[in-house]
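Below is one structure, written out as structure tokens, with a few remarks after it.
In the working numbering, the protein residues as written are 1113 to 1275.
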């Protein structure tokens, strides 16, 4: 399995989010076909591990890999509308480091709906997002400014034990 695109690009610094201004990010597009879930998750794990290391993120890279893998798994399982042809199903994974040394993992899927996000985050609709929070990430979701679908974001701050 290969990624459709991988780029290293500086991000806009004009609108710094609460977790700090993004300094640099890497993006990969993953295939969203149900038959490729495991290979897409493996690619996501490799991508997150190499990206966090290449961007010199001083946090717990293995925890970040696990957080990202769970978001990708959720996106592949729940973020692909059934009416989308299998060959057109895509997921976009972005990993960024902020000026506060937070790691931001974004997974954008093709489904703009996220029914009962608070219950999902509490673990009442599966365990994925709850486990992401237990690994130290703050989880949120939002609709894109352009395009379709939604983005689920996990922000992993640099904890004091990483200093």
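A virtual CB, placed ideally from N, CA and C, is assigned to each residue, including glycine.
> Which of the three DSSP states, helix, strand or coil, is assigned to residue 1191?
Replying inline: Locating residue 1191 in the chain shown gives position 79, where the first residue counts as 1. Reduced to three states, the DSSP call for residue 1191 is coil.
>> Tell me the rounded alpha-carbon separation between residue 1250 and residue 1185.
In response: Numbered from 1 along the chain shown, position 138 holds the residue referred to as residue 1250. Numbered from 1 along the chain shown, position 73 holds the residue referred to as residue 1185. Cα-Cα distance, rounded: 17 Å.
>> Do residue 1156 and residue 1180 count as a contact pair if the criterion is CB distance below 8 Å?
In response: Taking the first residue of the chain shown as 1, we reach residue 1180 at position 68. Taking the first residue of the chain shown as 1, we reach residue 1156 at position 44. The answer is yes: Cβ separation under 8 Å.
>> Quick check: residue 1136 and residue 1209, are their CB atoms within less than 8 Å of each other?
In response: Here residue 1136 is taken as the residue at index 24 of the chain shown, counted from 1. Here residue 1209 is taken as the residue at index 97 of the chain shown, counted from 1. Yes, they are a contact pair.
>> Do residue 1264 and residue 1214 count as a contact pair if the criterion is CB distance below 8 Å?
In response: Counting from one through the chain shown, the residue named residue 1214 turns up at place 102. Counting from one through the chain shown, the residue named residue 1264 turns up at place 152. No; because the gap between Cβ atoms is not below 8 Å, this pair is not in contact.
> With a cut-off of 8 Å, does the C-beta of residue 1223 fall near any C-beta of chain C?
Replying inline: Considering every chain present, this structure includes no chain C. It has just one protein chain.
>> Only counting the same chain, and skipping five residues up and downstream in sequence, which positions put a Cβ closer than 7 Å to that of residue 1224?
In response: Taking the first residue of the chain shown as 1, we reach residue 1224 at position 112. Taken in chain order, the residues that qualify are 1255, 1260, 1261 and 1262.
>> Determine whether the beta carbon atoms of residue 1270 and residue 1175 lie at a separation below 8 Å.
In response: Start at 1 with the first residue of the chain shown, and residue 1270 comes out as number 158. Start at 1 with the first residue of the chain shown, and residue 1175 comes out as number 63. Between residue 1270 and residue 1175, the C-beta gap is not smaller than 8 Å, which leaves the two residues out of contact.
> DSSP puts residue 1172 in a beta bridge; with which residues?
Replying inline: The residue you call residue 1172 lines up with position 60 of the chain shown. Among the bridge pairs identified by DSSP, residue 1172 is matched with none.
>> Using only the alpha-carbon positions, how far apart do residue 1113 and residue 1229 sit?
In response: On the chain shown, residue 1113 is found 1 positions in, with the first residue counted as 1. On the chain shown, residue 1229 is found 117 positions in, with the first residue counted as 1. Bear in mind that a pLDDT of 35 at residue 1113, under 50, signals an unreliable position, so the number given afterwards is only what the model happens to contain. As the crow flies, the alpha-carbon of residue 1113 is around 31 Å from that of residue 1229.
> Cα separation between residue 1139 and residue 1243?
Replying inline: Residue mapping note: residue 1139 aligns to position 27 of the chain shown, counting from 1. Residue mapping note: residue 1243 aligns to position 131 of the chain shown, counting from 1. Residue 1139 and residue 1243 have their C-alpha atoms spaced approximately 23 Å apart.
>> Between 1245, 1227 and 1199, which has its C-alpha nearest residue 1182's C-alpha?
In response: In the chain shown, residue 1182 corresponds to position 70, counting from 1. Among 1245, 1227 and 1199, the Cα nearest to that of residue 1182 is on 1245.
> Between the beta-carbon of residue 1144 and the beta-carbon of residue 1192, is there less than 8 Å?
Replying inline: Within the chain shown, numbered from 1, the residue matching residue 1144 stands at position 32. Within the chain shown, numbered from 1, the residue matching residue 1192 stands at position 80. Result yes, Cβ atoms of residue 1144 and residue 1192 sit closer than 8 Å.
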